[in-house]
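Worksheet for the structure shown next.
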Amino acid sequence: MDKKTGKRKSHLWRHFSLLIFASMLFVFASFFIFWLIVYWLGFTESSPYELLARQPLSLGLTLLLSFFVGGVVAAFVGRRIIKPIQRINNAFDELSTGNFDIRIPTEEKIDEMRDIAEHFNQMAFDLSHVETLRSEFVENVSHEFKTPVAAIEGYAMLLQKPDLSPKIRSSYIDKITENTRKLSTLTGNILALAKLENCETVLNKKKYRLDEQIRRQILLLENKWEKKEIEFDIDFEKCFFFGNEELLDQVWINLIDNAIKHSPQGGVIQIKIDEGENTVSVAVIDHGDGMDDNTKKHIFEKFYQGDPSRSSEGNGLGLALVKRIVDLSKGKIDVQSAAGIGSVFTVTLPKQ
835 MDKKTGKRKS HLWRHFSLLI FASMLFVFAS FFIFWLIVYW LGFTESSPYE LLARQPLSLG
895 LTLLLSFFVG GVVAAFVGRR IIKPIQRINN AFDELSTGNF DIRIPTEEKI DEMRDIAEHF
955 NQMAFDLSHV ETLRSEFVEN VSHEFKTPVA AIEGYAMLLQ KPDLSPKIRS SYIDKITENT
1015 RKLSTLTGNI LALAKLENCE TVLNKKKYRL DEQIRRQILL LENKWEKKEI EFDIDFEKCF
1075 FFGNEELLDQ VWINLIDNAI KHSPQGGVIQ IKIDEGENTV SVAVIDHGDG MDDNTKKHIF
1135 EKFYQGDPSR SSEGNGLGLA LVKRIVDLSK GKIDVQSAAG IGSVFTVTLP KQ
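Read in the working numbering, the sequence shown has 1051 at position 217, and its numbers run on one by one without any break.
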């Protein structure tokens, strides 16, 4: 360990130099043995011992010169090769301490070293991105859990007052129930998303009626759209689809719930199914708040909400869940939206 820099010293160049010396010694010994065999076979009259006795100085000087030249070459080449390896080793030490900003110069003349440096830099960049996402995830999860838990605690303490009227008491119980439901939904979405992120493909596919599936999801949300007096303009006929019905339930219910949430009182939501030769597309159209370009860039990120105050319903996991399911189904989702005009979410899925 270098006391000044705090980094480990590399002794690889010494091993490399010793390897060169050993190789030279082996070559010299091999030549000596070869000459001895030739002498024994009668191809020459001078034995290596006689040659060494007649010209000991020249042989000694040749041996010393060979060692000197070999040593210089070994030291130069060794350091040339070992230096980038040492740099990579130090970079890994930095990375292990959590320094994801570390980078290795990629100007190496040796192609393999340059490739290693480029791959290391890409790995460090990916790790820094993962660390950022992890930190944001922990922060957002903490916030999302803390808010309803604090609300439940607050209303539970208020319920302990003996002089509450039945109406106020019922109101507090409703608030506790509402926040409990939010916690349950948040936990379910986090678990579902974590499970899907560890999947590579969709299993348990079967043939079923896609149009009936969407109608069922609309009925499940009846309480929400009835309160806002929203009407549905449904434009589709009988449509069969081969896929995982349970997963796609999550897609349609999240998209429809999102449309209800952002639609105005008395608004209209359109749902269309367009069946092609190899694909089927489902479009969910609302005429509500809409989104600006910056919001559209982030809507599929975990916990992202266009409302900075987080006053809107939901926890920012619904669309992330939708995106993951669509990706696993080898499909794509397209968003068209403008602030104050509305949004169109179009999911296109392969039939097989």
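We treat Cβ as the ideally placed atom computed from N, Cα and C, and that holds for glycine.
All figures in this text were calculated on a predicted structure; none of them were measured in a lab.
Inset, instruction - Let me know the secondary structure DSSP gives phenylalanine 1066 once reduced to three states. - result: The residue labelled residue 1066 in the question sits at position 232 within the sequence shown. Three-state DSSP puts phenylalanine 1066 in a strand.
Legend entry - Neighbour-count burial assignment, lysine 1040, 16 or more Cβ in a 10 Å radius: Residue 1040 sits at position 206 when you count from the first residue of the sequence shown. Lysine 1040 is exposed by the Cβ-count criterion.
Inset, instruction - List the whole-angstrom C-beta distance separating glycine 1077 from valine 1036, where the pair is believed to meet the contact cut-off of C-beta under 8 Å. - result: To locate residue 1077, count along the sequence shown from 1; it is residue 243. To locate residue 1036, count along the sequence shown from 1; it is residue 202. Rounded, the Cβ-Cβ distance is 7 Å, consistent with contact.
Legend entry - Extent of the continuous alpha helix (DSSP H) run through glutamine 1084: Here the question's residue 1084 lines up with position 250 in the sequence shown. Glutamine 1084 -> alpha helix (DSSP H) spans 1079-1096.
Legend entry - Coarse secondary structure for valine 872, derived from DSSP in three states: The residue labelled residue 872 in the question sits at position 38 within the sequence shown. Residue state, collapsed to three classes: helix.
Legend entry - Residue closest to phenylalanine 979, alpha-carbon to alpha-carbon, out of Asn1013, Arg1003, Pro996, Lys1131: Position 145 of the sequence shown, counted from the start, is the residue given in the question as residue 979. Comparing Cα-Cα distances from phenylalanine 979 to each of Asn1013, Arg1003, Pro996, Lys1131, the minimum goes to Asn1013.
Inset, instruction - Run the CB neighbour count on proline 1142, radius 10 Å, all protein chains shown included, and call it buried at 16 or more, exposed below. - result: Numbered from 1 along the sequence shown, position 308 holds the residue referred to as residue 1142. Since pLDDT at proline 1142 reaches only 49, below the 50 mark, its modelled position is unreliable, and the value read off the structure follows with that caveat. Exposed, since its Cβ has fewer than 16 Cβ neighbours within 10 Å.
Inset, instruction - Put aspartate 949 into one of helix, strand or coil per three-state DSSP. - result: Reading the sequence shown from its first residue, position 115 is the one you call residue 949. If DSSP states are grouped into helix, strand and coil, aspartate 949 belongs with the helices.
Legend entry - Inter-residue Cα distance where the pair is serine 1163 and phenylalanine 926: As a position in the sequence shown, residue 1163 is number 329, starting the count at 1. As a position in the sequence shown, residue 926 is number 92, starting the count at 1. Distance between the alpha carbons of serine 1163 and phenylalanine 926 is about 38 Å.
Legend entry - Cβ-Cβ separation, lysine 1058 to leucine 1094 (assumed contact under 8 Å), whole Å: Reading the sequence shown from its first residue, position 260 is the one you call residue 1094. Reading the sequence shown from its first residue, position 224 is the one you call residue 1058. Leucine is not the amino acid found at residue 1094; the sequence shown has isoleucine there. Contact holds; Cβ gap of about 5 Å.
Legend entry - Spatial distance of aspartate 945 from proline 939 (CA atoms): Counting from one through the sequence shown, the residue named residue 945 turns up at place 111. Counting from one through the sequence shown, the residue named residue 939 turns up at place 105. The alpha-carbon atoms of aspartate 945 and proline 939 are separated by roughly 13 Å.
Legend entry - Alpha carbon of phenylalanine 1056 to alpha carbon of aspartate 1127, nearest angstrom: By 1-based counting over the sequence shown, the position of residue 1056 is 222. By 1-based counting over the sequence shown, the position of residue 1127 is 293. The residue you asked about is not phenylalanine; residue 1056 is glutamate in the sequence shown. Looking at the two C-alpha atoms, the distance is approximately 31 Å.
Inset, instruction - Give the straight-line distance between the Cα atoms of isoleucine 1175 and aspartate 1123, rounded to the nearest whole angstrom. - result: Position 341 of the sequence shown, counting from 1, holds the residue named residue 1175. Position 289 of the sequence shown, counting from 1, holds the residue named residue 1123. Cα to Cα, the separation comes out at about 6 Å.
Inset, instruction - Please go through the same chain and pick out, in chain order, the residues whose beta-carbon is closer than 6 Å to the beta-carbon of tryptophan 1086, but skip the five residues on each side of it. - result: Here residue 1086 refers to the residue found at position 252 of the sequence shown. Cβ neighbours of tryptophan 1086 beyond the five flanking positions: Ile1048, Gln1051.
Inset, instruction - Express the C-alpha separation of lysine 1072 and valine 1102 in angstroms, rounding to a whole number. - result: In the sequence shown, counting from the first residue as 1, residue 1102 sits at position 268. In the sequence shown, counting from the first residue as 1, residue 1072 sits at position 238. In a straight line, the C-alpha of valine 1102 is about 22 Å away from that of lysine 1072.
Legend entry - Sub-8 Å separation of glutamine 1099 and lysine 1062 beta-carbons: One-based indexing of the sequence shown puts residue 1099 at position 265. One-based indexing of the sequence shown puts residue 1062 at position 228. In contact: glutamine 1099 and lysine 1062 (Cβ atoms closer than 8 Å).
Legend entry - Completely contained alpha helix (DSSP H) runs for the region 1010-1061, where each covers 4 or more residues: 1044-1054, 1056-1061
Legend entry - DSSP state of glycine 1152 mapped onto helix, strand, coil: As a position in the sequence shown, residue 1152 is number 318, starting the count at 1. In the structure shown, glycine 1152 sits in a helix (DSSP, three-state: H, G or I).
Inset, instruction - Go ahead and pull the three-state DSSP assignment for glutamate 1109. - result: Against the sequence shown, residue 1109 aligns to sequence position 275. Three-state result, glutamate 1109: strand.
Legend entry - Bridge partner(s) assigned by DSSP for valine 1102: As a working note, residue 1102 is residue 268 in the sequence shown. Partner(s): Glu1065.
Legend entry - Residue environment, lysine 1016, which counts as buried when at least 16 other CB atoms sit within 10 Å: Your numbering for residue 1016 matches position 182 in the sequence shown. Buried, since its Cβ has 16 or more Cβ neighbours within 10 Å.
Inset, instruction - Establish whether the CB of leucine 993 and some CB of chain D are separated by less than 8 Å. - result: Looking for chain D here will not work: only one protein chain is present.
Legend entry - Three-state class that DSSP yields for leucine 998 in the structure shown: Looking up residue 998 in the sequence shown gives position 164. Coil.
Legend entry - For threonine 1180, the residue or residues it bridges with in DSSP: Looking up residue 1180 in the sequence shown gives position 346. Beta-bridge pairing links threonine 1180 to Ala1117, Asp1168.
Inset, instruction - In angstroms with no decimal places, state the Cα-to-Cα distance between glutamine 1186 and aspartate 1108. - result: Here residue 1186 corresponds to residue number 352 of the sequence shown, with the count starting at 1. Here residue 1108 corresponds to residue number 274 of the sequence shown, with the count starting at 1. Computed Cα separation, rounded: 16 Å.
Legend entry - phenylalanine 934 in three-state terms, based on DSSP: Translated into the one-based positions of the sequence shown, residue 934 becomes position 100. Three-state result, phenylalanine 934: coil.
Inset, instruction - Could you give the DSSP three-state label for phenylalanine 1076: helix, strand or coil? - result: Looking up residue 1076 in the sequence shown gives position 242. Note: phenylalanine 1076 maps to strand in three-state DSSP.
Inset, instruction - Give the DSSP-derived three-state secondary structure of isoleucine 1175 in the structure shown. - result: Numbered from its first residue, the sequence shown carries residue 1175 at position 341. Coil at isoleucine 1175, not helix or strand.
Inset, instruction - Compute the Euclidean distance between the alpha carbons of asparagine 1023 and lysine 1166, then round it to the nearest angstrom. - result: Here residue 1023 is taken as the residue at index 189 of the sequence shown, counted from 1. Here residue 1166 is taken as the residue at index 332 of the sequence shown, counted from 1. Distance between the alpha carbons of asparagine 1023 and lysine 1166: 21 Å.
Legend entry - Cβ-Cβ distance between isoleucine 1119 and serine 1097 below 8 Å: Counting from 1 along the sequence shown, the entry for residue 1119 is found at position 285. Counting from 1 along the sequence shown, the entry for residue 1097 is found at position 263. For isoleucine 1119 and serine 1097, no; Cβs fall outside 8 Å.
Inset, instruction - Name the residue from Met947, Ala984, Lys1029 whose alpha carbon lies nearest to the alpha carbon of lysine 917. - result: In the sequence shown, residue 917 corresponds to position 83, counting from 1. Minimum Cα distance to lysine 917 is reached at Met947.
Legend entry - Cα-Cα separation, serine 1145 to asparagine 924: For the purposes of this step, residue 1145 is identified with residue 311 of the sequence shown, where counting begins at 1. For the purposes of this step, residue 924 is identified with residue 90 of the sequence shown, where counting begins at 1. Interpretation of serine 1145 is limited by its pLDDT of 43, a score under 50 that renders its predicted location unreliable; the figure taken from the coordinates is listed afterwards. Answer to the nearest angstrom: the Cα atoms are 48 Å apart.
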